[in-house]
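Novice:
Numbering (UniProt numbering), first residue to last: 1 to 176.
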């Protein structure tokens with residue numbers, strides 16, 4: 001989103017207001033009646049207040065405006081997992097977003113296996129075997145519900161290569 005304009009309106013000041021103060025999370029960010037955020041970023045999230053001053057004194061701060069910045073999915077990549085055959089494969093699909101990723105937002109699939117579908121951030125495969133080797137895909141779909149525009153779905157996707165390590169048993173046959 002672009003161009004948020006915050007305006008500090010003062011009524012009944014006598015004498016007239018000569019100075020304004022905008023604060024974000026208790027740190028001064030502007031000394032004018034309006035404060036503009038030209039391009040909204042995650043770092044702009046926070047609590048905004050304004051106050052005004054004249055030769056008589058300084059007003060109490062305004063009621064705080066909470067700016068919450070919604071943003072899509074940025075997944076943390078897990079490149080390769082090498083579980084030993086017979087153990088448990090555990091892979092977590094982690095990432096950042098606002099709102100936070102939940103189990104309902106995540107679907108795991110396996111490339112070249114149309115029947116493999118799992119829901120939830122955590123992928124568990126008990127008693128893993130060499131047939132479980134392959135590329136697993138974590139897909140995330142989150143609905144953003146901004147207060148000043150229409151809902152939008154944002155997606156993220158990452159893969160993890162699973163290479164199941166196998167124990168090979170050698171047997172000897174002796175013939176006479």
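Backbone N, C-alpha and C define an ideal beta-carbon position, used for all residues, glycine too.
From the beta carbon of residue 8, is the nearest beta carbon of chain D less than 8 Å away?
Specialist: Judged by its chain identifiers, the structure shown contains no chain D, having just a single protein chain.
Novice: If I'm right that residue 164 touches residue 85 with Cβ under 8 Å, what's the distance once you round it to whole angstroms?
Specialist: Here residue 164 refers to the residue found at position 164 when the chain shown is read from its first residue. Here residue 85 refers to the residue found at position 85 when the chain shown is read from its first residue. Their Cβ separation, rounded to whole angstroms, is 5 Å, which keeps residue 164 and residue 85 in contact under 8 Å.
Novice: For the candidate residues 136, 40 and 46, whose alpha-carbon lies nearest to that of residue 114?
Specialist: As a first step, residue 114 must be located in the chain shown, where it is residue number 114. For residue 114, the nearest C-alpha among the options comes from 136.
Novice: Just to confirm my understanding: we take residue 44, look at its own chain, exclude 5 residues before and 5 after, and list those with CB closer than 7 Å. What are they?
Specialist: Your numbering for residue 44 matches position 44 in the chain shown. Closer than 7 Å at the Cβ level, and outside the excluded window around residue 44, lie 37, 67 and 69.
Novice: Compute the distance between the beta-carbons of residue 76 and residue 98, then report whether it is under 8 Å.
Specialist: The residue given as residue 76 occupies position 76 in the chain shown. The residue given as residue 98 occupies position 98 in the chain shown. In this structure, residue 98 does not lie closer than 8 Å to residue 76 by Cβ.
Novice: Looking at the secondary structure, which residues open and close the beta strand (DSSP E) in which residue 166 lies?
Specialist: Looking up residue 166 in the chain shown gives position 166. Run containing residue 166: none; DSSP gives neither H nor E here.
Novice: Report yes or no: do three or more beta-carbon pairs, one from the stretch 48-66 and one from the stretch 122-135, lie closer than 8 Å?
Specialist: Result no; under three Cβ-Cβ pairs closer than 8 Å.
Novice: In this structure, does DSSP put residue 51 in helix, strand or coil?
Specialist: Residue 51 sits at position 51 when you count from the first residue of the chain shown. Strand at residue 51.
Novice: Per DSSP, what are the beta-bridge partners of residue 186 in this structure?
Specialist: There is no way to answer for residue 186, as the model of the chain reaches only from 1 to 176.
Novice: Please name the residue in 142, 123 and 81 whose C-alpha comes closest to that of residue 96.
Specialist: In the chain shown, the residue the question calls residue 96 occupies position 96. Cα-wise, what sits closest to residue 96 is 142.
Novice: Under 8 Å, do residue 121 and residue 101 count as touching if we go by C-beta distance?
Specialist: On the chain shown, position 121 is the one that residue 121 refers to. On the chain shown, position 101 is the one that residue 101 refers to. Yes, the pair counts as a contact, with Cβ atoms nearer than the cut-off.
Novice: Report the start-end ranges of each beta strand (DSSP E) in the UniProt domain "Ig-like" (1-66) that is 3 residues or longer and not cut off at the edges.
Specialist: Qualifying beta strand (DSSP E) stretches, in chain order: 2-7, 19-24, 27-30, 34-39 and 46-53.
Novice: Where does the unbroken beta strand (DSSP E) through residue 138 begin, and where does it stop?
Specialist: As a first step, residue 138 must be located in the chain shown, where it is residue number 138. That run of the beta strand (DSSP E) goes 134-144.
Novice: How would you write the range of the beta strand (DSSP E) that residue 89 sits in, first residue to last?
Specialist: Locating residue 89 in the chain shown gives position 89, counting from the first residue. 89-92 is the span of the beta strand (DSSP E), which, as asked, contains residue 89.
Novice: Which residues does DSSP list as the beta-bridge partners of residue 118?
Specialist: If you number the chain shown from 1, residue 118 lands on position 118. Answer is 108.
Novice: Exposed or buried, residue 35, counting other C-beta atoms within 10 Å across all chains shown (16 or more means buried)?
Specialist: Start at 1 with the first residue of the chain shown, and residue 35 comes out as number 35. Buried, because 16 or more other Cβ atoms sit within 10 Å of the Cβ of residue 35.
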